[in-house]
Structure formats: structure tokens, C-alpha cells
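2 protein chains.
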Amino acid sequence: MQTITTLEVRESILNNNDELAKGNRESLRGDNIFLVNIMGSPGAGKTTLLKRTIEGLRDEYRIGVIEADVDSAVDAESVAESGAKVIQLHTGGLCHLDAKMAGEGLEKLISEAGEEKPEVIFIENIGNLVCPAEFDIGAALQVMLLSVPEGDDKPLKYPLMFEVSDCLLVSKLDAAEVFDFDLNALKERVGQLNPGMEIIPLSALKGDGTEEWIDYLKARIEEWKAG
Amino acid sequence: MQTITTLEVRESILNNNDELAKGNRESLRGDNIFLVNIMGSPGAGKTTLLKRTIEGLRDEYRIGVIEADVDSAVDAESVAESGAKVIQLHTGGLCHLDAKMAGEGLEKLISEAGEEKPEVIFIENIGNLVCPAEFDIGAALQVMLLSVPEGDDKPLKYPLMFEVSDCLLVSKLDAAEVFDFDLNALKERVGQLNPGMEIIPLSALKGDGTEEWIDYLKARIEEWKAG
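Quick mapping for you: the protein sequence lines, in order, are chains A and B.
Mapping of the first sequence onto this note's numbering: residues 1 to 227, in sequence order.
Mapping of the second sequence onto this note's numbering: residues 228 to 454, in sequence order.
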């Protein structure tokens with residue numbers, strides 16, 4: 001197993017987050033690296049999704065992963081088993097990444113990779129449906145997970161996350177039988193906030209729906225590279 | 228159905244949160260009101276638990292509820308059906324309550340209640356496993372929910388919440404059959420962080436375990452009132 005680099009990052013009071021995010025975006029464009037920001041509640045299934053996604057992409061793209069955590073390195077160790085280059089960011093108790101922290105992580109990941117520069121980088125953001133929505137980090141694609149057990153009413157309660165994301169993955173679909181979850185009601189609520197949002201129900205654990213997600217992601221990567 | 232009061236609160240940069248929390252605590256002691264702070268991820272089941280808890284307590288205590296939400300009043304409307312006096316706090320996008328916001332909510336709730344002053348007040352904090360842990364609001368009891376679908380590894384990833392809470396309710400126990408959740412592993416991890424923590428597995432939906440929770444809560448209320 002690879003040794004995992006851990007970086008301690010601390011929030012600076014940023015008035016210029018958007019500017020730094022723009023800087024990240026331009027720098028990634030220059031390096032031809034597609035950045036995906038993965039957001040969702042604690043336990044929504046971000047890490048399982050990420051591992052499944054790496055499996056689906058690694059034959060075509062070199063992949064890098066930045067795991068953001070308040071403290072531990074549990075997810076980084078788990079994702080590293082998939083063979084992707086992984087670094088761990090620690091936010092020191094903070095509830096989100098900002099563009100500065102993300103920029104530090106990207107620089108570290110890219111410089112460590114040397115000649116084997118990643119073509120696609122995933123950032124697994126802190127498990128939180130509120131704060132990460134407020135900070136643009138410079139991603140080309142914003143993906144959020146909402147797991148079935150969380151309930152179909154979440155767009156009403158955490159609207160910003162649904163507004164700032166390009167794609168909603170409805171995860172833990174395999175648990176739908178034991179929860180009273182109305183996918184159509186969810187779609188309607190999402191439609192009020194973000195009519196263009198792509199919605200893909202899936203089970204990252206069992207694999208259902210992951211093919212559709214990976215096809216969607218590849219299409220977005222190629223579109224971006226061409227653009 | 229009662230009309231729900233909505234209060235818009237905004238975070239002030241507080242260096243003195245602990246002092247304000249102490250003020251809330253003293254003022255509640257003076258009024259002989261037991262305050263419970265309920266925390267947990269989005270969708271952990273806080274509202275369902277709260278409704279079940281009100282049912283179990285309302286014959287013995289006058290109950291008030293403060294629902295904190297980023298934006299909506301979904302939970303407040305749902306909880307109001309239980310007959311408790313409810314007010315809604317809006318944090319305007321923010322991810323937690325601080326002692327000042329909580330104090331504003333308490334004052335409003337208590338003054339609206341007039342002669343029928345509540346004896347027990349529940350605050351349902353913003354759905355978030357990170358930020359609310361950092362802000363003492365002056366509660367006599369800190370309760371956190373962790374739902375089975377979130378996974379047994381959460382103490383490793385969000386340690387502070389487990390450290391600052393007195394009681395852990397392991398919710399959605401009815402879903403245990405479809406999730407690979409190891410209660411003993413969870414207990415061991417919690418033991419490392421907070422050996423005195425009370426851990427009660429339950430299903431607020433089905434009712435399993437809620438009796439134990441309500442007995443525990445009543446014992447804590449009486450202990451506090453005597454103390």
C-alpha cells in the first residue's frame with residue numbers, strides 16, 4: 001500500500017475565495033486536469049462511490065484523489081487500495097474546504113505525481129450538507145450525494161447544496177425497500193431549485209446505476225477537454 | 228395547528244460564545260428549565276426522535292421546542308403537530324447555532340409561552356456532524372444521533388461531536404438488516420473518545436429502544452432539578 005501524505009490545513013478568513021477558486025480553475029485548465037468536487041452528508045457513501053468510480057475510469061485516465069477530513073485518514077487509506085494516487089487533507093476541525101486549502105492539496109498532489117500527472121482529480125469534501133456548498137474550490141464538476149436514508153425532503157432543508165451542484169447522485173438505492181423514500185417527490189423539489197441538475201439514482205455498493213454515472217462523468221470530462 | 232414563529236438569526240463573530248452559553252445556562256437554571264441540545268447529520272432522524280420523545284414526556288412536563296434550520300420550516304410544522312410549543316430559528320445559511328442565537332430563541336419561546344412556561348426545552352440543531360459540536364449553547368444535556376446507515380466508523384471521522392455529547396442515540400436500528408453496521412465496533416470507538424457516554428440504540432420510527440431513552444432522559448431531568 002502506498003504511503004499517504006497528510007497535509008494540515010487551516011482556514012484563513014477569506015474574502016477572496018472566489019478569486020482563489022478562479023485561480024485553481026485556470027491552473028487546472030493549463031494542466032489539462034479535470035477536477036471533481038464530491039459533497040454530501042457524513043455517511044452518504046462518498047468513499048464507496050469514489051472507489052467504484054475509480055474502477056470505472058482508471059483504464060482511461062490517470063486518477064488522483066484528495067481526501068478532506070476533519071481529522072482521520074480512514075477514507076484515504078481505503079481509497080488508496082484502489083490504486084489511485086491519494087493525499088489526505090486535514091482541516092483541523094473545520095467543516096469544509098475553501099479554495100486556498102484545495103489549492104494547497106492540488107499543488108501537493110500534482111507535484112508528488114511528477115511525470116505521472118493525474119488527468120482527473122477527485123476531491124472528497126468534508127461530510128456536510130451545509131458549509132461546502134458555500135465555497136467554490138475551482139472544480140469543473142460539482143457532484144453531490146444524497147443517500148436514500150437521509151430522506152426525500154432534503155432539498156427543502158439544505159437548498160444551497162442542490163443549487164450549486166451539477167449532478168445529484170441518489171445513493172444507497174439498495175436500501176430503498178426499508179425507507180419511505182419518494183424519488184419523484186425528490187426530483188420535483190430539485191427541479192424547483194436547479195432545473196438543469198442531472199439526477200442519477202445508484203447503489204455504489206451493489207453497482208446498480210453506477211454505469212450510467214460513469215458514462216455521464218466520461219462525457220463531461222471529454223466535453224471539458226474539448227472545450 | 229399553531230402558527231409557527233420564525234426568527235431570523237445571523238451569526239456574529241463571537242469570541243465570547245462560552246460566556247454567553249454560561250449566561251444561557253444560568254438563566255435556564257433560574258427559570259428551572261432543562262435544555263436539551265439535539266445534534267446529528269442531515270437525515271439522522273432528529274425530528275422523528277423529537278416527536279417520539281415529546282409523546283413520552285408531555286404528560287409529565289410542559290415542553291417547548293426550538294427548531295433550527297438553514298432556511299425552511301418543515302420540521303417545525305411537523306413537530307408542532309405533537310402539541311408542543313414550537314418556534315423556528317433560521318440561521319440564514321449558517322451551519323450551526325451559537326449561544327447568542329440559542330439565547331434569542333429561548334427568550335422568544337419563553338416569553339411567548341407566558342404563564343405556561345416550558346419545563347423542558349429541546350433545540351434541534353442544524354443537521355451537521357461538525358460545526359454544532361464547536362458551540363456550547365448552554366444545554367443541560369447534549370444528545371447526538373448517529374443513524375445506522377451513516378456507518379460505525381463515524382467516531383473516527385467526527386470525533387469532537389462524540390466528545391462533547393453526553394448521550395449517543397444510535398438511530399434507524401430498524402435498518403440494521405440492510406447495512407453492515409457493527410454496534411460493538413462503534414461502542415469501542417466511542418469508548419476511546421468519551422468513556423462515560425451513554426449509548427442507546429433505538430428506532431424512533433418503530434419505537435424499539437425509545438422507552439430506555441425516555442427513562443434515561445427523565446432520570447437526567449430529575450437529577451438536574453434536584454441538583
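The beta carbon of each residue, even a glycine, is placed where N, CA and C say it ideally should be.
This structure is a prediction, so every number in the text was calculated from the model and none was measured.
Asked	Found
Sufficient close CB pairs (3 or more, under 8 angstroms) joining the segment 382-393 of chain B to the segment 69-89 of chain A	yes
Bridge partner(s) assigned by DSSP for C167/A	V143/A, E198/A
Rounded straight-line distance, which links the Cα of L173/A to that of E115/A	39 angstroms
Whole-angstrom C-beta distance between S147/A and S171/A, which should lie under 8 angstroms	5 angstroms
Environment of M228/B [buried if 16+ CB atoms lie within 10 Å]	Because M228/B carries a pLDDT of 48, less than 50, the predicted location of this residue cannot be relied on, and the following value inherits that uncertainty. Flag for M228/B reads exposed.
Sheet register partners of M101/A (DSSP bridge)	None, per the DSSP bridge assignment.
Contact belief for E124/A with T47/A at Cβ below 8 angstroms, rounded distance in angstroms	7 angstroms
Nearest-angstrom Cα separation, counted from R289/B out to L333/B	15 angstroms
Short Cβ contact (7 angstroms threshold) for G378/B with G43/A	yes
CB contact flag (N366/B, N264/B, <7 angstroms)	According to the sequence displayed, residue 366/B carries Ala and not Asn. Contact: yes.
Where L218/B falls: helix, strand or coil (DSSP)	For residue 218/B there is no data in the structure shown, the boundaries of chain B being 228 and 454.
Check whether V313/B and A307/B have beta carbons under 7 angstroms apart	yes
Residues that D153/A contacts on chain B, provided the C-beta gap is smaller than 7 angstroms	V301
Nearest to D245/B (by Cα), restricted to the options I448/B, A360/B, G434/B	A360/B
Secondary structure of N184/A, DSSP reduced to three states	helix
DSSP three-state assignment for M1/A, whether helix, strand or coil	In this prediction, M1/A scores a pLDDT of 47, lower than 50, which makes its location untrustworthy; the coordinate-derived value is nonetheless stated afterwards. Here M1/A sits in coil by DSSP.
Cβ contact (3+ pairs, closer than 8 angstroms) linking the segment 189-197 of chain A and the segment 25-39 of chain A	no
Under 7 angstroms (Cβ pairs) to chain A, residues found in the segment 287-312 of chain B	D296, V297, D298, S299, V301
Same chain only: Cβ atoms within 6 angstroms of C167/A, ignoring 5 sequence neighbours per side	V143, E198
Chain B contact for E150/A (CB, 7 angstroms cutoff)	yes
Against chain A: residues of the segment 354-376 of chain B by CB proximity under 9 angstroms	G354, N355, L356, V357, C358, A360, E361, L373, S374, V375, P376
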